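So the protein lines, in turn, are chains U and G. Start counting the first sequence at 5; every next residue gets the next number (our numbering). Start counting the second sequence at 18; every next residue gets the next number (our numbering). Cβ atoms here follow ideal geometry from the backbone N, Cα and C, with glycine treated the same way. Since the model is a prediction, treat every value here as computed from it, not as a measurement. For reference, the structure is listed below as structure tokens.
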Amino acid sequence: MSTAAIDREWKRYTPRQRLARFALYFGLVFAVVASLRTVQIIPEFLYDAHEQIADLFKRMWPIAWSFYPRGVHDALIETLHIATLGTILAIVMALPLGLLAAHNITPHTGLNYVAKLLLVSSRSVNSLVWALLFVAIFGPGALAGTMAIAFRSIGFVGKLFGEALEETRPGPVEALKAVGAPWTSIYIKGYWPQVEPAFWAIALFRWDISVRESAVLGLVGAGGIGMAINAAMDLFQWERVALMLVAIFAVVIIAEIVVTTIRQKII
Amino acid sequence: MTGTAQARPPAFLPNWPVRLAWLVLAAYVVYATSILDVSWGRFVLGLENGAKFIGRMLPPDTAPDKMVLMARGLYETLEISVISSALGILLSLPIGLFAARNLMPAWVTWPMRLFIALCRSFHQVIIAILFVKAVGFGALAGILALTVASIGFIAKLFAEAIEEISLKQVEAIRATGASFLNVITYGVMPQVLTRFVGFATYQFDSNLRNSTMVGIVGAGGIGGTMFAAFQKFDYDYLLTILIAIVAMIMVSEALQNWIKKLYQ
Chain U
5 MSTAAIDREW KRYTPRQRLA RFALYFGLVF AVVASLRTVQ IIPEFLYDAH
55 EQIADLFKRM WPIAWSFYPR GVHDALIETL HIATLGTILA IVMALPLGLL
105 AAHNITPHTG LNYVAKLLLV SSRSVNSLVW ALLFVAIFGP GALAGTMAIA
155 FRSIGFVGKL FGEALEETRP GPVEALKAVG APWTSIYIKG YWPQVEPAFW
205 AIALFRWDIS VRESAVLGLV GAGGIGMAIN AAMDLFQWER VALMLVAIFA
255 VVIIAEIVVT TIRQKII
Chain G
18 MTGTAQARPP AFLPNWPVRL AWLVLAAYVV YATSILDVSW GRFVLGLENG
68 AKFIGRMLPP DTAPDKMVLM ARGLYETLEI SVISSALGIL LSLPIGLFAA
118 RNLMPAWVTW PMRLFIALCR SFHQVIIAIL FVKAVGFGAL AGILALTVAS
168 IGFIAKLFAE AIEEISLKQV EAIRATGASF LNVITYGVMP QVLTRFVGFA
218 TYQFDSNLRN STMVGIVGAG GIGGTMFAAF QKFDYDYLLT ILIAIVAMIM
268 VSEALQNWIK KLYQ
């Protein structure tokens, strides 16, 4: 009697899976080693790194608090406006794209695909690159920053909103259809109540990210506190840079507290 | 009397606070738009500029010497993202472990959580500025900046993942008299490894995107070449670089999906 059928040793993965994993580990190690061997690091710069860091902190101290009302406050407020307005604009533009990307709302694979392609291309361009493009179009200033935040956020908001729409239950929608409700009621009373918590969570989360990102847009000329940082750095006024970093830190923390509080209240 | 129609409350009551909130939001949009000097005339002028801008971008510049320059920049960008991800992942493992409140005493977790919060609070480009000052122009500043950002992200999520594990398995391993390291390897890691792989691949993707940016402040990679092309109004070359970056990111996304499938 042959026992071949029960003698097989149990293995967790198929040979193909094991081969794929091995290829992945090999590729990872190879990538790290190859990068480490060829990356250009100038060792001479490293010898005095600790002196440079000490020098940086020495120049940053004392922080130029008195500069705040003159040169930082307005830029900081502008940064907040860029982030908020950009996020609102993004939500307005992302809602139709999200509706188009959700398969249960737009039962047309081609349209879904087009909407998803637009969302992906919005996300794969960094907000600083968007800022570069809009500075070239609208000129330096807050308008370019707002548009950059908006176009970067469309992909994020649209993708998550579309996914939230796809997860809705068809029950309430079918009930509304059965009583002959017009399409506006189907959307407002059938879909909206189901995605509302997700919508606010997405909007708040994106606003939080936008606040962080809008702080650096000024480095390429798109308004906000980044422009003030750039100007102070070009003049080696590190005590002012330190003040602006502290200001950004405070705003980011406050934004996070605001988001957490609102989320606890409405969701 | 039972036959008379009773006055029923309407099914959907008007929610006045919410309506007021929408009104406030609309008022804010108008106010902020006026502050930011967004006008219709400027928008139309912008469209004209945009058409001119796109006209100057096309066709993309593919001169051989510029392609070589771009390839070198892209290669450095790849190097920065690979090294910073590897460093970030390696450092995040112990930091995330020490920040998990269900495994460590409070006097260990608090400093670790503070450190993670500090790493997270600034944008990568701002951290890159500081490192450019500390270690000079070049790839090293970018690597260090993105490593710090990676720690801020992975260590935080890793610590949260560990805090959500089931302690029964940890207790079972502990009951066998296993050492601390064995408890971590056999009780904790199997429960969080899949999520950790998810965070790590996501962070590599994020590092790849951001390593194309740190060059703007002089921290190495394609960003420097791109910003120079922008400042020299060399827009057709800018388009070539942008196409290359987007292509690189799409390849990385495909790779990421493959890795995720492998570890499901």
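| Check | Outcome |
| --- | --- |
| Among the residues of its own chain, which have a CB less than 6 Å from the CB of Phe142/U, if the five just before and after it don't count? | Ala148 |
| So, with DSSP's three-state summary, where would you put Val263/G? | helix |
| For Ser128/U, return the contacting residues in chain G, with the cut-off set at a CB-CB distance below 9 Å. | Arg226, Ile262, Val263, Ile266, Met267 and Glu270 |
| Short of 7 Å in beta carbon distance, which residues of its chain neighbour Phe160/U, apart from the five on each side in sequence? Order them along the chain. | Arg127 and Arg210 |
| Does the ligand HEM have a heavy atom nearer than 6 Å to the CB of Ala24/G? | Among the ligands in the structure shown, none appear at all, so the ligand HEM cannot be discussed. |
| Just the Cα atoms here: how many angstroms apart are Gln56/U and Asp78/G? | 40 Å |
| Check whether the region 130-140 of chain G touches the region 165-177 of chain G, taking contact to mean three or more Cβ pairs, one atom from each stretch, closer than 8 Å. | yes |
| How long is the line joining the alpha carbons of Ile92/U and Met230/G, rounded to whole angstroms? | 25 Å |
| Since Thr42/U is in the alpha helix (DSSP H), which residue starts that stretch and which ends it? | Pro19 to Thr42 |
| In this structure, how does DSSP classify Met237/U when only helix, strand and coil are distinguished? | helix |
| Roughly how many whole angstroms lie between the Cα atoms of Ile100/G and Leu123/U? | 29 Å |
| Among residues of its own chain, excluding the 5 on either side of Thr265/U, which ones have a beta-carbon nearer than 8 Å to its beta-carbon? | none |
| Would you say Ala24/U reaches chain G, if we count a Cβ-Cβ gap shorter than 7 Å as a contact? | yes |
| How close, in whole Å, do the beta carbons of Val224/U and Ala135/U come, if the pair is a contact with beta carbons under 8 Å? | 5 Å |
| Once DSSP output is grouped into helix, strand and coil, what is the label at Leu30/G? | coil |
| Using a Cβ-Cβ cutoff of less than 7 Å, which residues in the same chain neighbour Met18/G once the five nearest sequence positions on both sides are dropped? | Here Met18/G scores only 47 on pLDDT, less than 50, and its place in the model should not be relied on; the value that follows carries that caveat. Nothing listed; no residue qualifies. |
| Rounded to whole angstroms, what is the Cα-Cα separation between Leu115/U and Ala98/U? | 15 Å |
| Is it true that the region 153-167 of chain G meets the region 97-111 of chain G, where meeting means three or more beta-carbon pairs spaced less than 8 Å apart? | yes |
| Helix, strand or coil for Ser56/G per DSSP? | coil |
| Which value, in whole angstroms, describes the spacing of the CA atoms of Thr126/G and Val187/G? | 19 Å |
| For Tyr280/G, which three-state DSSP category applies? | coil |
| Mind checking if Ser214/U is an interface residue toward chain G, Cβ cutoff 7 Å exclusive? | no |
| Less than 8 Å between C-beta atoms, sequence neighbours within five positions excluded: which residues of the same chain meet that for Leu184/G? | Asn119 |
| Classify Tyr17/U as buried or exposed, calling it buried when 16 or more other Cβ atoms lie within 10 Å of its own Cβ. | exposed |
| Go ahead and label Leu37/G buried or exposed: buried means 16 or more other beta carbons lie within 10 angstroms of its beta carbon, across all protein chains shown. | exposed |
| Grab me the residues of Leu101/U's own chain with a C-beta within less than 8 Å of its C-beta, minus the 5 sequence neighbours each way, in chain order. | Ala119, Leu122, Leu123, Ile158, Gly162 and Gly166 |
| Closer than 8 Å, Cβ to Cβ, to anything on chain G: give me those residues from the region 78-94 of chain U, in chain order. | Glu82, His85, Ile86, Thr88, Leu89 and Ile92 |
| Give a yes or no on contact between the region 56-68 of chain U and the region 168-177 of chain U, applying the rule of three or more CB pairs nearer than 8 Å. | no |
| Tell me which residue opens and which closes the alpha helix (DSSP H) that Leu86/G is part of. | Pro81 to Ala116 |
| List the residues of chain G whose Cβ lies closer than 9 Å to the Cβ of Ile57/U, in chain order. | Leu147, Lys150, Ala151 and Val152 |
| Which residues in chain U have a C-beta closer than 8 Å to the C-beta of Gly90/G? List them in chain order. | Within 8 Å Cβ-Cβ: nothing; Gly90/G doesn't reach chain U, min ~12 Å. |
| Who are the Cβ neighbours of Met121/G in its own chain at under 7 Å, not counting the five residues just before and after it? | Phe115 |
| Do you know how far the Cα of Trp14/U is from the Cα of Ala117/G? | 35 Å |
| Return the CA-CA distance between Arg244/U and Arg156/U, expressed in angstroms with no decimal places. | 29 Å |
| In three-state DSSP terms, what is Ser196/G? | coil |
| For Ala178/G, I'd like the list of residues in its chain whose CB is within less than 6 Å of its CB, leaving aside the five on either flank, ordered along the chain. | Val209 and Arg212 |
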